[in-house]
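Visitor: My structure is below; once you've seen it, I'll send some questions.
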Amino acid sequence: MNTWIAVGLTVLGCYAVKLAGLLVPAGAMERPFVRRLAALLPVALLAALTAQQTFADGHALVLDARAAGLGAAAVALILRAPFLLVVAAAVLVTAGVRALGG
Amino acid sequence: MAQQTALTDTTPDSTDKPDAAVVRDALGVGVAVGLSGFAFGVTSAGSGLGLLQTCALSLLVFTGASQFALVGALAAGGNPYTAAAGAFFLGVRNAFYGLRLSQVLALPRAVRPFAAQWVIDETTAVTLAQPTRRTARIGFTVTGLSLYLLWNLTTLLGALGAKAIGDTRAWGLDAAGPAVFLALLAPMLTTATERAVAGLAVLLGLAALPVLPAGVPVLVAALAAPLALLAEGRRGRRTGPTATDAPEHSKGSGEDR
Chain S
1 MNTWIAVGLT VLGCYAVKLA GLLVPAGAME RPFVRRLAAL LPVALLAALT AQQTFADGHA
61 LVLDARAAGL GAAAVALILR APFLLVVAAA VLVTAGVRAL GG
Chain G
1 MAQQTALTDT TPDSTDKPDA AVVRDALGVG VAVGLSGFAF GVTSAGSGLG LLQTCALSLL
61 VFTGASQFAL VGALAAGGNP YTAAAGAFFL GVRNAFYGLR LSQVLALPRA VRPFAAQWVI
121 DETTAVTLAQ PTRRTARIGF TVTGLSLYLL WNLTTLLGAL GAKAIGDTRA WGLDAAGPAV
181 FLALLAPMLT TATERAVAGL AVLLGLAALP VLPAGVPVLV AALAAPLALL AEGRRGRRTG
241 PTATDAPEHS KGSGEDR
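Here it is, written out as structure tokens:
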């Protein structure tokens, strides 16, 4: 039930902001501070999520195979690999390190 | 995702870009990103969400970062409200994409509620890179349609396949989520401010992780954005504008994408 609440809220919230962008008159959200904040919020959230989902195990911080996978993804990004290849590199290296007992 | 850098301006390189070239670009993005719905399906099912819940997210939320964030937060034991809040804040950027797109596409009001569902990173990147309204509309439609169909199909396959795959960790699939985040983040790190925000958010998020309930540390880390803006404003008054965009010296550039 809790999961359905989360799914429902996310569906409504995410659709509402998408629609708002298309319906709201352009001037309303064009204040520089608001625009900058909107651009920086995803940077903060994505950075924190990347770190947490790489180094978190419940409430503990750990260094395991995922870190190697993320390293591979970072290298792929620097080499300008396409999106799918970046994800694949992370998955394959993580699996490989785990298979080697890491 | 390198296409995102093209968002800084509508590049007027060729105003007579053939439709076929637009379709090819759009399909390239749509297919590549659409296929990664498989990783979402597997991750979501591995996080304990049911098939219906997983597919509902891809059909109705349809913005990958929010979807991965939500299932990650739920898997970590977060309560539904903090989990949804994190997903929502990630989705807010789509409102700003919509602002830009509504000017470029000039959609009839009746179409907007339907087009809204396709207002995401990838469609915005392709659409804003087009030289004319006609090619922008083609780019938006082809990217949106191909990505929507594939993302949902591969989500379904991933969720179904998760059982057959068994332990998703053994296959390294728990690294797919953070890799997606990193791939979305990388093209955003254009100036020192963005990099400072990212660094601060990592520190805040990891420091809060052991002490705060699941889902909350990400929201704490989001504070890095307003903090950096305040610091930037203060520094901007002292040293004048650099690559930043403080209120007093707005360049009106599209670096917010």
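Residue numbers (the UniProt record's numbering), protein chains in the order written: chain S, 1 to 102; chain G, 1 to 257. Virtual Cβ for every residue (Gly too), placed ideally from N, Cα, C.
(1) Going straight from the alpha carbon of G/M1 to that of G/V211, what length do you get?
(2) Does any residue of chain S bring its CB to less than 7 angstroms from the CB of G/R235?
(3) Just to confirm, are G/L82 and G/A176 a CB contact at a threshold of 7 angstroms?
(4) Compile a chain-ordered list of the residues in the region 15-28 of chain S whose CB is closer than 8 angstroms to at least one CB of chain G.
(5) Enumerated in chain order, which unbroken segments of the alpha helix (DSSP H) with a length of 4 residues or greater are wholly contained in the region 51-123 of chain G?
(6) Whose Cβ in chain G lies nearer than 7 angstroms to the Cβ of S/V75?
(7) What are the start and end residues of each continuous alpha helix (DSSP H) run of 4 or more residues lying completely inside the region 199-230 of chain G, in chain order?
(8) Within the same chain, show all residues whose beta-carbon is closer than 8 angstroms to that of G/R133, passing over the 5 residues directly before and after it, in chain order.
(9) Distance, Cα to Cα, G/P18 vs G/G28?
(10) Quick check: what's the CA-CA separation for G/P247 versus G/G233?
(11) Figure out for me which residue from S/A48, S/A60, S/W4, S/V62 has the closest Cα to the Cα of G/P178.
(12) Per DSSP, S/A56 is paired with what?
(13) Around the Cβ of S/V91, are there at least 16 other Cβ atoms within 10 angstroms (buried) or fewer (exposed)?
(14) Measuring only the C-alpha atoms, how far is S/T3 from G/P80?
(15) Taking residue 262 of chain G as the reference, give the member of S/T54, S/G27, S/G8 with the closest Cα.
(16) Going along the region 60-75 of chain G in order, which residues come within less than 7 angstroms of chain S, judged by CB to CB distance?
(17) Quick check on the burial criterion: 16 or more other C-beta atoms within 10 angstroms. Buried or exposed for G/Q3?
(18) Checking contacts by CB at 7 angstroms: is G/G161 closer than that to chain S?
(19) Counting Cβ pairs closer than 8 angstroms, one from the region 114-123 of chain G and one from the region 15-33 of chain S, do we hit at least three?
(20) Secondary structure at G/R169, three-state DSSP: helix, strand or coil?
(21) Measure the beta-carbon distance from S/A38 to G/V92 and round it to whole angstroms, keeping in mind my assumption that it falls under 8 angstroms.
(22) By the 10 Å Cβ neighbour count, where 16 or more other Cβ atoms means buried, how is G/A243 classified, buried or exposed?
(23) I want to see whether chain S comes within less than 7 angstroms of G/F140, judged by CB atoms only; does it?
(24) To be precise: take each residue of the region 58-86 of chain S, compare its Cβ to all Cβ atoms of chain G, and keep it if any distance is under 8 angstroms. Which residues remain?
(25) I want to see whether chain G comes within less than 7 angstroms of S/G101, judged by CB atoms only; does it?
(26) Specify, as a first and last residue, the run of the alpha helix (DSSP H) that S/V24 falls within.
(27) Please report the residue range of the alpha helix (DSSP H) in which G/S44 lies.
(28) For G/A129, which of helix, strand or coil comes out of DSSP?
(29) Cutting at 7 angstroms between CB atoms, please list the residues of its own chain near G/L90, excluding the five before and the five after it.
(30) Rounded to the nearest angstrom, what separates G/L203 and G/V197 at their Cα positions?
(31) With a threshold of 6 angstroms (Cβ to nearest heavy atom), would S/F83 be considered close to the ligand FAD?
(32) Pick helix, strand or coil for G/R134, following the three-state DSSP scheme.
(33) Just confirm the distance between the C-beta atoms of S/A95 and G/A170, as a whole number of angstroms; I'd bet it's less than 8 angstroms.
(34) Using three-state DSSP, classify S/M1 as helix, strand or coil.
(35) Assuming contact is defined by CB atoms lying nearer than 7 angstroms, are G/L74 and G/S36 in contact in what I supplied?
Guide: Inspection of the coordinates gives the following:
(1) The predicted position of G/M1 is uncertain, since its pLDDT is 38 and thus under 50; a value taken from the coordinates is nonetheless stated next. Spanning the two alpha carbons is a distance of roughly 35 angstroms.
(2) G/R235 has a beta carbon lying at 7 angstroms or more from every beta carbon in chain S.
(3) Just to set this straight, residue 82 of chain G is Thr in the shown sequence, not Leu. Cβ distance not < 7 angstroms, so G/T82 and G/A176 don't count as in contact.
(4) Residues passing the 8 angstroms Cβ filter: Y15, V17, K18, L19, A20, G21, L22, L23, V24, A26.
(5) Fully enclosed alpha helix (DSSP H) runs of 4 or longer: 51-56, 64-75, 80-91, 93-105, 112-115.
(6) Listed by position along chain G, the residues whose Cβ is nearer than 7 angstroms to that of S/V75 form an empty set, because the closest Cβ is around 11 angstroms away.
(7) For the region 199-230 of chain G, whole alpha helix (DSSP H) runs of length 4 or above, ordered along the chain, are 216-221.
(8) Here the set comprises V104, L105, A106.
(9) G/P18 and G/G28: Cα-Cα distance of roughly 16 angstroms.
(10) A caution first: G/P247 carries a pLDDT of 41, below 50, which makes its placement in the model too unreliable to give a value.
(11) With respect to the C-alpha of G/P178, the residue from S/A48, S/A60, S/W4, S/V62 having the closest C-alpha is S/A48.
(12) Partner(s): S/L61.
(13) Flag for S/V91 reads buried.
(14) Looking at the backbone, the Cα of S/T3 and that of G/P80 are separated by about 6 angstroms.
(15) Any property of residue 262 of chain G remains undetermined from this structure, which presents chain G solely from 1 to 257.
(16) Contact residues of the region 60-75 of chain G toward chain S are L60, V61, T63, A65, S66, A69, L70, G72, L74 (C-beta to C-beta distance below 7 angstroms).
(17) Interpretation of G/Q3 is limited by its pLDDT of 40, a score under 50 that renders its predicted location unreliable; the figure taken from the coordinates is listed afterwards. Under this definition G/Q3 is a buried residue.
(18) No - not a single Cβ of chain S is within 7 angstroms of the one on G/G161.
(19) Touching, per the Cβ criterion.
(20) If DSSP states are grouped into helix, strand and coil, G/R169 belongs with coil.
(21) Contact check for S/A38 and G/V92: beta-carbon distance about 6 angstroms, within the 8 angstroms limit, so the pair qualifies.
(22) Residue placement at G/A243 is poorly supported in this model, since its pLDDT is 44, which falls under 50; the coordinates still yield a value, given next. So G/A243 ends up on the exposed side.
(23) Not one chain S Cβ lies under 7 angstroms of G/F140.
(24) Those would be G58, H59, A60, L61, A65, R66, G69, L70, A73, A74, L77, R80, P82, F83, L84, V86, in chain order.
(25) Chain G contact via Cβ: absent.
(26) Unbroken run through S/V24: none, as it is neither H nor E.
(27) G/S44 -> alpha helix (DSSP H) spans 37-46.
(28) G/A129 falls in the coil class under three-state DSSP.
(29) Within the same chain, Cβ atoms closer than 7 angstroms to the Cβ of G/L90 are found at A65, S66, A69, the five residues on either side in sequence being excluded.
(30) G/L203 and G/V197 have their C-alpha atoms some 10 angstroms from each other.
(31) Questions concerning the ligand FAD fall outside what the structure shown contains, since it holds no ligand whatsoever.
(32) Residue state, collapsed to three classes: helix.
(33) Indeed they touch by this definition, with Cβ atoms about 7 angstroms apart.
(34) If DSSP states are grouped into helix, strand and coil, S/M1 belongs with coil.
(35) Contact check for G/L74 against G/S36 fails: the beta carbons are separated by 7 angstroms or more.
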